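Worksheet: the structure to be examined is printed underneath.
Chains as they are written, first to last, in this note's numbering: chain A, 353 to 653; chain B, 2 to 331.
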């Protein structure tokens, strides 16, 4: 992890990463997902199918079963006669819309905690480490269930927008990973000559943290952001799969898969499951491939 | 050694206590409006007043914390409070039963699921990891690494549905009924049926974990294989197979145990999803149904249980790792 710190600049690293074959493959996959999210309204306009619009007459058979792929509905329809392709594309938006802010929020909290814990050894460090331990000992899914159960007003309606709640819940857990990473980096950096020099020249501790330590930690943290993003995208999908994440009728890959499973409709219309399933797989695989490429560059061997 | 144990134990206890107090804070938020999160649907004012009285919601918070931690007032004949035996995790007014009782009923299914999955994932990832290290950079190694990536990139719920689709639904349309699609048979009733019903759920959890562990085992094996004592063993003419399985594997195992304990402790998430897909009547399903239906005491009870399991097992893992390697080098 310390190798990027010893390199002369940040940009050669970036160039090496772009040359790494697996990082390239990953970037292409992730680029495709981002493109899909951006182009979702275009697909909706072209097909004339809104993401939540139901086409019971066209897309359901007389017995109420959804049709498979055809010229009109490329991925077929779901149990309510909605276009699976359009919903899958809109699902990419929700994944990124939840994953990116949640991971970024986690990065901000974690970096702040890690900087302080690493820079101030002793009591502050112990206290913050205890806080990290406590946060880690709440198992994610179960705790998310109880936080979601709390999100209920007297009239039974949610108090907070479920998407916002999911973002908060995920970042409440994800910051610990950043905090540990940053703390360990800072503990090493603190002993470096340039930090000692800045301190003995009379720079304030705050200035040293912000001006000397943060710029050295940041590249690693940003790379780690890309490592954590797919994890958090999976967490969102898991919550939506369990019915406590993004609420219907908003299209989320997790809830689409849950619906396909609950109604067993994927047995007659496999694309109902395969559409969101493949999208999910490509997204996570893309990020995992990027991060393994990045690892190959930063820590060869 | 003893100071180390004491320090770790006190750290675990502190963490546990903070966890409990946070859980208490959450119940305080929830109990602000008992009608929304506690009472049965369409409860009248008298029931609500009864709940307020039973939970002593009119008393100050420190008294409530005391009731919660040490010994609360009985609720409809059920003892409350966490620090007596058995600890009471709350009372579900929806189901008119103590939460502990509800959870205890469901624990056998969840425990069978977790333990079986661990056995499968540890065995397979050790095997795959050692093979991948032995055949480094051959097609075997590459094939296993593709498998590991796939396992990592497919969420548990998708793995489960795909297994259910191919091994249950597709096979049974051809008249092959090896794997049932769901349900739980108690071990004491019929061990064979127990394992048969759990095989797909075990695989569901194991596949994702093998993706992680196989890579850790492989990396550690390669690390250890470069060490001096392995060269000595080889020079002494120890067979290659024994070098890998007896000498290197033992040393490579430490990080695996540490990570394994953490993953096992955090298994609850995977268990919830798997129970949901295969209709296993376990703790996870209880929690999801309670969360969706708004039965708060059951959800927070499960959360407390899962956190306690996590804290205790990380402690145990710490101690085991330390006993295996008293120098504290890991």
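Each residue gets a CB set at the ideal place from its N, CA and C atoms; glycine is no exception.
Bear in mind that the values here come from a model prediction, so they are computed numbers and not experimental data.
Check: the segment 292-309 of chain B: which residues have C-beta closer than 8 Å to a C-beta of chain A, in chain order?
Finding: Correct list: 292, 293, 295, 296, 297, 300, 301, 303, 304, 307, 308.
Notebook entry, point to check: Residue ranges of each alpha helix (DSSP H) run of no fewer than 4 residues wholly in the segment 510-586 of chain A, ordered along the chain?
Noted result: Within the segment 510-586 of chain A, the complete alpha helix (DSSP H) runs of at least 4 residues are 514-542, 545-552.
Residues of chain A with CB closer than 9 Å to the CB of residue 150(B), please, in chain order. 637, 640, 641, 644
**Q.** Whole-angstrom distance between residue 541(A) and residue 353(A), CA atom to CA atom
**A.** At residue 353(A), the pLDDT of 41 sits below 50, so the modelled position is not reliable and the matter cannot be decided from this model.
**OP:** Spell out a yes or no on whether the segment 245-265 of chain B and the segment 203-222 of chain B are touching, meaning 3 or more CB-CB pairs, one atom from each, closer than 8 Å.
**Re:** yes
| message | In the DSSP output, which residue or residues are listed as bridge partners for residue 610(A)? | response | Per DSSP, none; premise fails for residue 610(A).
- Determine which residues of the segment 259-287 of chain B have a Cβ less than 7 Å from any Cβ of chain A, and write them out in chain order. 267, 269, 270, 273, 274, 277, 278
Q: Put residue 92(B) into one of helix, strand or coil per three-state DSSP.
A: strand
Practice item. Would you be able to state if there are at least three C-beta pairs under 8 Å between the segment 190-207 of chain B and the segment 110-122 of chain B? Key: yes
Q. Count the other CB atoms within 10 Å of the CB of residue 193(B); is the residue buried (16 or more) or exposed (fewer)?
A. exposed
**Message:** Taking 8 Å as the threshold (C-beta atoms), are residue 5(B) and residue 325(B) in contact?
**Reply:** no
DSSP-derived helix/strand/coil call for residue 287(B) | helix
- Message: Let's test the definition: count the other Cβ atoms within 10 Å of the Cβ of residue 436(A) and tell me whether it reaches 16, buried, or not, exposed.
- Response: buried
Original post:
Measuring CB to CB, does residue 525(A) end up less than 8 Å from residue 578(A)?
Top reply: no
Exercise for the section: Flag this pair as yes or no: are the beta carbons of residue 389(A) and residue 439(A) separated by less than 8 Å? Expected result: no
Query raised in the report: Where do the N-terminal and C-terminal ends of the alpha helix (DSSP H) with residue 20(B) fall, by residue?
Result: 3-32
8 Å is my cut-off, CB to CB: does residue 355(A) come that close to chain B? Interpretation of residue 355(A) is limited by its pLDDT of 45, a score under 50 that renders its predicted location unreliable; the figure taken from the coordinates is listed afterwards. So, not an interface residue.
Which word fits residue 430(A), buried or exposed, when buried means at least 16 other C-beta atoms lie within 10 angstroms of its C-beta? buried
task: Indicate whether at least one CB of chain B lies closer than 8 Å to the CB of residue 444(A).
output: no
Exercise. Run down chain B in chain order and give the residues with a C-beta less than 9 Å from the C-beta of residue 589(A).
Key: 156, 158, 159
Q) Which residue from 294(B), 287(B), 263(B), 137(B) puts its Cα closest to that of residue 312(B)? A) The candidate whose alpha carbon is nearest that of residue 312(B) is 263(B).
ask   = So which of 625(A), 464(A), 593(A), 500(A) has the shortest CA-CA distance to residue 570(A)?
value = 464(A)
Enumerate in chain order the residues of its own chain whose CB-to-CB distance from residue 315(B) is below 8 Å, with the five nearest sequence positions on each side excluded.
-> 13, 262, 263, 266
Short-range partners of chain B found in the segment 482-503 of chain A, where Cβ spacing is below 7 Å: Result list: 482, 485, 486, 489, 490, 491, 492, 493, 494, 495, 497, 498, 500, 501, 502.
For residue 625(A), which residues in chain B fall below 7 Å Cβ to Cβ?
162
Cβ of residue 576(A) within 8 Å of any chain B Cβ: no
What would DSSP say about residue 256(B), mapped onto helix, strand or coil? helix
Hey, would you say residue 222(B) sits closer than 8 Å to residue 253(B), going by beta carbons? yes
field: Sequence-distant residues of the same chain with beta carbon closer than 6 Å to residue 641(A), five excluded per side
entry: 374, 377, 378
Exercise for review: Measure the alpha-carbon distance for residue 564(A) versus residue 545(A) and round it to whole angstroms.
Suggested key: 11 Å
So for residue 429(A), helix, strand or coil by DSSP? strand
Problem set entry | Integer-rounded CB distance, given that residue 498(A) should sit under 8 Å from residue 27(B) | A Cβ-Cβ distance of about 6 Å is found for the pair residue 27(B) and residue 498(A), placing them in contact under the 8 Å criterion.
(Q) Counting only beta-carbon separations shorter than 8 Å, does residue 381(A) have a partner in chain B? (A) no
Review point. Listing by chain order, which chain B residues have their CB less than 9 Å from the CB of residue 594(A)?
Key: Within chain B, the residues near residue 594(A) are 158, 273, 274, 277, 289, 292, 293.
### Task
State whether the segment 464-478 of chain A contacts the segment 278-287 of chain B, with contact taken as three or more CB pairs (one from each stretch) at a distance under 8 Å.
These segments do not touch.
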